[in-house]
Every structure is written in C-alpha cells, then in structure tokens.
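Written below as structure tokens is the structure these notes are about.
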Amino acid sequence: MKWIFALVAALVTAPARGGIGVIRLSGPATEAILQRVFSARARGVGPGRDRLALGWIVRDGEVLDEAIVAGTADPQTVEINIHAGPQVTRAVLALLSECGAEIAPPGRGDPALAMAHPRWRNGAIAREVVDALGRAATPMAAAAVAAQWSGGLSALADRPQADALRRAHPQARVTDMGAALILPGFVDAHMHYPQTAMIASWGKRLIDWLNTYTFPEEAKFADPAYAAEIAGRTLDLALANGTTTLTSFCTIHPASVTAFFEAAEARGMAVVAGKTCMDRNAPDTLRDTAQSAYDDSRDLLRHWHGRGRARYAITPRFSPTSTPDQLSALGALWAEHPDCLMQTHLSEQTDEIAWVRELYPEARDYLDTYEAHGLLGARGLYGHAIHLDPRERDRLRDVGGGLVHCPTSNTFIGSGLFQLATLKAEGQRIGLATDTGGGSSFSMLRTMAATYEIGQLTGTALHPAQLLWLATEGSARVLHDVDEIGTLAPGSAADLVMLDLASTPAIAQRAAQADTLWEAVFPTIMMGDDRAIAGLRVAGRDPRAGLA
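Numbering-wise, the sequence shown is residues 15 to 562 according to this note's numbering.
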C-alpha cells in the first residue's frame, strides 16, 4: 500500500462540460504543494476542516483556473474544486503531477475518493455556484457566474433592468444605497506605508525630512510585529477613506514587504508594493547592497507577484540612495520580470536635482540616471515628476511611463507645483496619490481637492469628472490594471465606494443648491473626508462588516 504514504491526486468527479470538478489531494506534502499551485483570494479563509479558500490554480505565474480548496477531517487531505471540463481537469492534474503528486487510477483503494466534500453537498453557497454554472448555457453566462463568485461585477443595469434582475433572482440580497453615488474604489498610486505613524511631521525640506523623521521610523520595521501593526493600520485608514487599492513603498526589510502583502491579502485588497532598496546616503541600518537588493527583491517577487491580488514593484527609493551598481542590478531584475512594475521618485525638489547632478555627473538629467540602468519603461511609476526638462518629458511620453501626482505632499514639503494640464496635453500618463506620510492625508478626496487647488495656481480649473477620473481609472491605467480596478465595467472587480453627497451640514447645504450632478459632487470633493464614505466593497464584500 505504498500509495497511502505518497502524495496522491485523484479525480472525484468525471470530466464533463459545466458544473464543478473535484480533485482530492492527499499525502504528507499536500500543504507544500498547495503553496506552489494555489493562490488564495478569499482572505482570512484558509484550508482546514470544513473551511473553504477561494483563489486560483497558478502555473508559472499564469492562472489555469479559479478554484475552491476545501479542507477535510484529515489535515493531509484537501479537495480542489475547479470548473469541470476535460482541458481544465487535465491541466490541473498535470500540474499536480509535476509537483510530485501521483495520479490515482480509477477505482483506487480509498472509498473516500468517491465522495465529494460534505460542505459541497450541503453548503448553500456551493449549491448556488454549482447550480448557476450548470445552468450557464453560454460562455458569457458562465463568465458572469465566475465573476460574481470571484468578487467581480457581473452586470451594470438601469432601473428597469435592475428590477428584471431582481425578479429573475428572488433569492439575491439587495443593498439599496439610496442617494449615495456609487464609484469605483479609489486607487492610490504612490504612498509609503512605513511612514503612517509619522504623517504630518513638522518643518523640514525633503532631505532633512528624510533624515530627521523618515529613516528613524523606517528602522523600526526590522521588527516584523511592528511592520504588521502599521501595515494593518495603514490599510484600515485607507479603507475608511474609500481607497481600495494602494501602491506602497516598504522598507529595506523583506519582512516589511511580507507584512504589507499579508495584511492586504487578509482584507481582499488589490495592492502593489516592493522592498525599498538603498545602498548609500542612508543610515547603516537601512542600507543593503546591490546584490542583496537584487536577491531580496527577486525572492519577494517570486513569492508575491501575481498571488491573489498582489503585484510586485521593483523599488529603488531614488537615485541619490542607490549606487549605479544597485540601479543596474535592479534594472537587470526588471528586464528578467518585465510584467512587474517599477516605482521610484523623480524630480521632486530642485535641491534634490542638484544633488543628483553631483552624484551622477555623466547623466544627461535626472531621468537618465534611471534610463542608463534599465529603469525606464511603460510599467515604471515615477513619483512627483515636478521639475522635468523637455528631454525627460519627451522620453517619458515616448515609453509610456507613468507620472504620479502627489499634491498634498508637494505642498506640505514645499516641492513645487505639478503641471498637470500641460503634461496631460503632451500625452503623459498620470495617476494620483496621497504619498503618505509626506502627504498630509489618507483621503483621496482631500488629494483631489489639493489637485484642484494646484490646478488653479497653474491656470487650469479641473472639472470634478477629471478629478474623479484621476483617482480611479487614471491611476488604474498607470498601474496597468484597468481591467480589474478603477472602473465599473462588467468583469472588473467589485471594488466600490459609495459617497454620501450630504455628509456634513456644510456640504449638505451647498449640495442642496446644485443644479447638476457635478455641482452636487464637487462640494464633497473639496470638503469631504471619511464621513462621506457611506459604503465600501472590496471584491464584493464589505471589509468593515464582513458582509458580501
């Protein structure tokens, strides 16, 4: 009975069109194999007795199928529930075989192989999914079911269509948000979660501010427990302000990256993050090397990039804190993993630019310090980008690099005024960000208000629609994730924020005088805060209430 002690994968259901296929994985290496092939999406629900985990079966970074992993009474046995069909089933079995599982032939000794998991037979959720997939007569219908189960938007409907949907699905729960404005969840394209505890620190320009406040705080992230505490706090503050996607710098400590991704995973959030790399002009305790920056970033990337809703960004802090060797190493890593993002800072302050000239005398300009080392590209995120030379603007436009506007940070630290209208007219790709803790608010509403104010100072009164676009679809496009976040399109994730357009007496009295929708929205953009967040959904669930 050698097979009892081996890792065995057995098909419980016959391959067929529609419905659910169940593969039972049993043996001492089950957990190790799951770590390799299964990326969880339903956060806080892991395999265990009578528990379910929703996610994907992944091979070499590519999704084979959505799956639900169900625990059993045997801790070494799980059941992998996939979309039935010969091609999908064969592909998943082949992947398990490559990972060391022995494929059990039909009728092999264990009678339990003939049984589906009790949760599947009796669970209301499972029955609903199986029934819906079974009734799906077309690929489009099946895709709608899959989108709904995975936290996606199945359809958008006007009132008559919504009434028809309610009649067709009388069992569905309806959430009526009344007069609230339903929008895509806000997308913050640049921030520093390790600076959460030091937000609104007084009185310094950029370089002094880093040395006085930032570096001492970031040194604390050598402690994984502290990193986990701040990661959770940051994400909860973001959610309270309607932000459902964050792009964050971490610290040089790999544990700080793990803490952030784990906290986001527990909340179901789409996030981008990476280990900040620095090998000069920083305290000794916050320096790595060119090699360790490459090695740590590569290992973190392999573990997290594409796992659930996590994406990795290769992250040199900025040219002054990296040697040319480190920039080259990170450029090489990006060339090896071109589907990753790369984030850094660019031309934030004039004295910073002068410092870059001293450190890189051979460079044509600030951007060239990145370009010469393989760190200029369409998936690059260049924070601030206030004081750009014509050549820099031309190159950024030509490659499609993303500029990230950080208005509250730019004014708080006195960096300058971002020329949004000019850059947009040139064809630049632009996203919006809080840049906490240099930025002075966790709220994308406040960030939009600051964007409007800076626009006025530079000669352009931005329309409310433009401001909302920057905070949603614009940032999503910069992150190359517009198919999932930033829009209300069928198939995109159900990351939603519901705005109360009368959240305070001051806002309410102004909105009451509005003649158009945009006149009603604008006071909330200019004066709104977390009180304006009437509701929130992350992948279809309320992260604050645990409700679908």
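Quick reminder that beta carbons are idealized off the backbone N, C-alpha and C, glycines included.
query                                                                                                                          : result
Exposure label - residue 546; buried when at least 16 CB within 10 Å                                                           : buried
Exposure of residue 593, with buried meaning 16 or more beta-carbon neighbours within 10 Å                                     : This structure cannot speak to residue 593, because the chain is shown only from 15 to 562.
Inter-stretch contact (C-beta, 8 Å, three-pair minimum) for the segment 425-445 and the segment 503-522                        : no
With 16 other Cβ atoms within 10 Å as the buried cut-off, status of residue 375                                                : exposed
Nearest-angstrom Cα separation, counted from residue 336 out to residue 302                                                    : 10 Å
Residue 388 and residue 345 closer than 7 Å at C-beta                                                                          : yes
Distance CB(residue 416)-CB(residue 75) smaller than 7 Å                                                                       : no
For residue 308 and residue 248, believed in contact at Cβ under 8 Å, the rounded distance                                     : With a Cβ gap of about 27 Å, residue 248 and residue 308 do not count as contacting.
Straight-line gap, residue 115 to residue 105 (C-alpha atoms, nearest Å)                                                       : 13 Å
Backbone CA spacing between residue 38 and residue 44 [nearest angstrom]                                                       : 10 Å
Whole-number beta carbon distance between residue 264 and residue 299, since they are thought to touch under 8 Å               : Actually they are not in contact, since the Cβ atoms of residue 299 and residue 264 sit about 15 Å apart, beyond 8 Å.
Those residues which DSSP pairs with residue 291 across a bridge                                                               : 330
C-alpha distance - residue 280 paired with residue 169, whole-angstrom precision                                               : 26 Å
Whole-Å CB distance - residue 605 paired with residue 259, under 8 Å assumed                                                   : Coverage of the chain is limited to positions 15 through 562, which leaves residue 605 absent and any answer about it impossible.
Residue 82 versus residue 553: straight-line alpha-carbon distance, rounded                                                    : 16 Å
Residue 47, enclosing alpha helix (DSSP H) - first and last residue                                                            : 44-51
Buried or exposed (CB count within 10 angstroms, at least 16 for buried), residue 178                                          : exposed
Buried or exposed by the 16-neighbour rule on C-beta atoms within 10 Å, applied to residue 531                                 : exposed
Classification of residue 4 by the beta-carbon crowding that lies within 10 angstroms, buried from 16 upward                   : Lying outside 15 to 562, the shown extent of the chain, residue 4 is not represented and no answer is given.
Inter-stretch contact (C-beta, 8 Å, three-pair minimum) for the segment 405-412 and the segment 379-397                        : yes
Endpoints, beta strand (DSSP E) assigned at residue 262                                                                        : 257-263
Segments assigned alpha helix (DSSP H), at least 4 residues, entirely inside the segment 471-535                               : 478-483, 489-492 and 519-525
Cut-off 6 Å between Cβ atoms - residues of its own chain near residue 79, not counting five sequence neighbours on either side : 71, 96, 97 and 102
Limits of the unbroken alpha helix (DSSP H) element including residue 413                                                      : 404-413
Which of helix, strand or coil DSSP assigns to residue 551                                                                     : strand
Member of 551, 255, 465 and 317 whose CA lies at the smallest distance from the CA of residue 544                              : 255
Touching by the beta-carbon criterion (3+ pairs, under 8 Å), the segment 475-485 and the segment 457-466                       : yes
For residue 424, the first and last residue of its enclosing alpha helix (DSSP H)                                              : 421-426
Range of the contiguous alpha helix (DSSP H) that encloses residue 251                                                         : 238-254
Beta-carbon proximity check, residue 284 vs residue 492, cutoff 7 Å                                                            : no
Residue 449 vs residue 205 beta-carbon contact at 7 Å                                                                          : yes
Beta carbon of residue 498 nearer than 7 Å to that of residue 508                                                              : no
Cβ-Cβ distance between residue 312 and residue 347 below 7 Å                                                                   : yes
Same chain only: Cβ atoms within 8 Å of residue 188, ignoring 5 sequence neighbours per side                                   : 180
Beta carbon of residue 235 nearer than 7 Å to that of residue 270                                                              : yes
Opening and closing residue of the alpha helix (DSSP H) in which residue 308 lies                                              : 304-318
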